[in-house]
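A short worksheet on the structure shown next.
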Amino acid sequence: RARILEATLDVIKTDGISGVSYRGVAAHARVPLGSMTYYFPTLEGLILSALDSTRSELEPRYATPLRDARTPADVVDALVDATIGSTSPSLADIRLYEEIRHYGARDPNVAAVLQAVEDDSLVMLEPVVPISIALAINALLWGWWSHRLAHPDAPLDEATVRGPYEAIVGLAAAADHPFHAKEQDRA
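Numbering (the numbering used here), first residue to last: 76 to 262.
As structure tokens, this is what we get:
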């Protein structure tokens, strides 16, 4: 099952959602065609399961650095890293995310997956910035990723990325937003 989901994501990264077929994914995963319909009776169910599986990558990649952030500068560092550093997605992953966004605009089931991904992102940001600022950060992050995809031969430099994040995170600091307030309340 896991191999089929991974193969489906690989096909989506290279050929888009419209390129997904049982035969193509089975060949890519090196599994019998019957395994496809056993685990995923519908092609739509396969696609939705594969797209939803991307959510599990968000937690270790983004939540941990934000959870460890104790100052506005730490938050900015985590965001810069998520945009162009060691925790940033590959261009193939960004292509996959863009495919989810574009397909989600036409398919309500994929839109639900996209909304869940967006909600997960906001939950990760909420302990370190107010929700209004989390929305702005999320939009900027997606914008930077889209830029990277559109301009793969023109890498973003750190100063270009860092400045807007410092400005947005500075709004939270100016509003005296308590970092990790919910965690402190639970202690």
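Just so you know, even glycine gets a beta-carbon here, dropped at the ideal spot from N, CA and C.
Inter-residue spacing [alpha-carbon to alpha-carbon] between residue i and residue j
{"i": "Pro-227", "j": "Leu-166", "result": "8 angstroms"}
{"i": "Leu-84", "j": "Leu-126", "result": "7 angstroms"}
{"i": "Glu-132", "j": "Thr-139", "result": "11 angstroms"}
{"i": "Thr-235", "j": "Gly-109", "result": "50 angstroms"}
{"i": "Val-100", "j": "Ile-206", "result": "39 angstroms"}
{"i": "Leu-141", "j": "Met-199", "result": "7 angstroms"}
{"i": "Glu-233", "j": "Leu-121", "result": "38 angstroms"}
{"i": "Thr-146", "j": "His-177", "result": "35 angstroms"}
{"i": "Ser-128", "j": "His-222", "result": "24 angstroms"}
{"i": "Leu-215", "j": "Pro-183", "result": "24 angstroms"}
{"i": "Ala-180", "j": "Glu-241", "result": "31 angstroms"}
{"i": "Asp-194", "j": "Lys-88", "result": "23 angstroms"}
Close-in-space but distant-in-sequence residues of the same chain around residue i (CB under 6 angstroms, 5 per side omitted)
{"i": "Asn-213", "result": "Ser-196"}
{"i": "Arg-78", "result": "Ala-104"}
{"i": "Ala-144", "result": "Val-150, Ala-153 and Val-203"}
{"i": "Met-111", "result": "Tyr-97 and Ala-101"}
Residue i: CB within 8 angstroms of a non-hydrogen atom of the ligand NAP
{"i": "Pro-239", "result": "The ligand NAP is not part of this structure, which contains no ligands at all."}
C-beta atoms of residue i and residue j nearer than 9 angstroms
{"i": "Arg-76", "j": "Val-155", "result": "no"}
{"i": "Tyr-137", "j": "Ala-148", "result": "no"}
{"i": "Tyr-172", "j": "Val-150", "result": "no"}
{"i": "Ile-159", "j": "Ala-211", "result": "no"}
{"i": "Ser-163", "j": "Trp-217", "result": "no"}
Helix, strand or coil at residue i [DSSP, three-state]
{"i": "Ala-229", "result": "coil"}
{"i": "Pro-116", "result": "coil"}
{"i": "Val-185", "result": "helix"}
{"i": "Gly-179", "result": "helix"}
{"i": "Pro-107", "result": "coil"}
{"i": "Ser-163", "result": "coil"}
{"i": "Glu-173", "result": "helix"}
{"i": "Asp-251", "result": "coil"}
{"i": "Thr-146", "result": "coil"}
Cβ shell of residue i (< 7 angstroms), same chain only, five flanking positions each side left out
{"i": "Ala-248", "result": "Pro-147"}
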